[in-house]
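Numbering (my numbering), first residue to last: 134 to 469.
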């Protein structure tokens, strides 16, 4: 996740929102034009146990930090596994500079179902883990890397299981699963330098400026971030509302109709600096962020701590998110 914890979200992104005030371009999804019984929409079956196993496998490579063996091994695992279900898998390597001037290499991974279809939906998450546990209650841990079970692996695992199950029951729209690298390496809390927003989300910044296909367009995009802890709470985050209000309203409406109103809370909250900002601003694709939000200038209790490990994961939370997304997609684009 992409906010320095001792600065409130609204203060960090106020200048960014000046650019968004009149800038949403999402169109109302097809199903909004008529009444839909979302509970009866046919969708593929999402396995919570399978998603949990995908989290566990990512963590088995160790820290997925820039330049590490874990990064290289996990990237190969993601490419190889997504290739089992998707028609194409593209690696997008890039170099970037961290907040401290260090140059590192990253790789975005793009896996597609039905890449020849012109109408597309983009589903994304970041797959790296943070170099610094700068929010850990023990100060001696602040310069240690974290595993990022929830902050990173949970979003990727949810999309992996969605890809597996959607490949056998394909919607009538193309799907692109994009895993962004070097999202979570922004300036740590202990740094002496002035805080800089653009030190976060390096992979999505690169992809938005250099899409994997020339002139790439998607109807909309949905970003998943920190979706795997028990009893998560997702609110209507401000950048998502500004750029993709119709999409956000629809997803929350589907959640309410399918029994998940206590998880997808109908509450407006401040802006969060995350990958969706750059997909919205640079790629001009209406994008929402489904992200754990405790509304107190933090995200979940183990955020950017050594405690963000496999014990933090509740597979049912990932299933809840996936069920809502699958209903949203298949209501408009049923399987043929």
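Each residue gets a CB set at the ideal place from its N, CA and C atoms; glycine is no exception.
This one's a predicted model, so the numbers in the text were calculated from it and none came from an experiment.
Item: What is the DSSP secondary structure of residue 166, counted as helix, strand or coil?; Value: Residue placement at residue 166 is flagged as unreliable, the pLDDT there being 48, under the threshold of 50; a coordinate-derived value is accordingly withheld.
Item: To the nearest whole angstrom, what separates the beta carbons of residue 340 and residue 319, a pair I think is in contact under 8 Å?; Value: That pair is no contact at about 17 Å.
Item: Please list the segments of the alpha helix (DSSP H) lying wholly inside the region 242-279, counting only runs of 4 or more residues, in order along the chain.; Value: none
Item: What does residue 226 pair with, by DSSP beta-bridge criteria?; Value: 240
Item: Tell me whether residue 371 is buried or exposed, calling it buried when 16 or more other Cβ atoms sit within 10 Å of its Cβ.; Value: buried
Item: If you drop the 5 nearest sequence neighbours on each side, which residues of the same chain put their C-beta closer than 7 Å to that of residue 398?; Value: 366, 367, 368
Item: Between the Cα of residue 239 and those of 192, 222, 254, 262, spot the shortest distance and give me the residue it belongs to.; Value: 262
Item: How about residue 419 and residue 376: do their beta carbons lie closer than 8 Å?; Value: yes
Item: Among all the DSSP beta bridges, which residues are the ones paired with residue 370?; Value: 402
Item: May I ask you to verify whether the region 450-460 touches the region 377-394, counting CB pairs closer than 8 Å and requiring at least 3?; Value: yes
Item: Run through DSSP, which three-state label would residue 311 get?; Value: strand
Item: For the candidate residues 415, 298, 300, whose alpha-carbon lies nearest to that of residue 350?; Value: 415
Item: Would you call the region 222-231 and the region 271-284 in contact, with 3 or more CB pairs under 8 Å?; Value: no
Item: Going by C-alpha distance, which of 290, 289, 254 is nearest residue 461?; Value: 254
Item: Could you pull the DSSP bridge partners for residue 424 from this structure?; Value: 358
Item: Identify whether residue 196 lies in helix, strand or coil by the three-state DSSP scheme.; Value: coil
Item: Helix, strand or coil for residue 353, going by three-state DSSP, please let me know.; Value: strand
Item: Compute the Euclidean distance between the alpha carbons of residue 438 and residue 357, then round it to the nearest angstrom.; Value: 20 Å
Item: Between which two residues does the alpha helix (DSSP H) holding residue 414 run?; Value: 408-414
Item: With a threshold of 16 other CB atoms inside 10 Å of the CB of residue 175, please say whether the residue is buried or exposed.; Value: exposed
Item: Hey, residue 310 and residue 296: beta-carbon distance below 8 Å or not?; Value: yes
Item: With a 10 Å radius around its C-beta and 16 neighbouring C-beta atoms as the bar for buried, classify residue 464 as buried or exposed.; Value: buried
Item: I'd like to check one pair, residue 242 with residue 312: are the Cβ atoms closer than 8 Å?; Value: yes
Item: Excluding sequence positions up to five away, which residues of its chain have a Cβ less than 6 Å from the Cβ of residue 197?; Value: 203, 204, 207, 261, 262
Item: Of all the options 305, 306, 304, 338, which has the alpha carbon lying nearest to the alpha carbon of residue 315?; Value: 338
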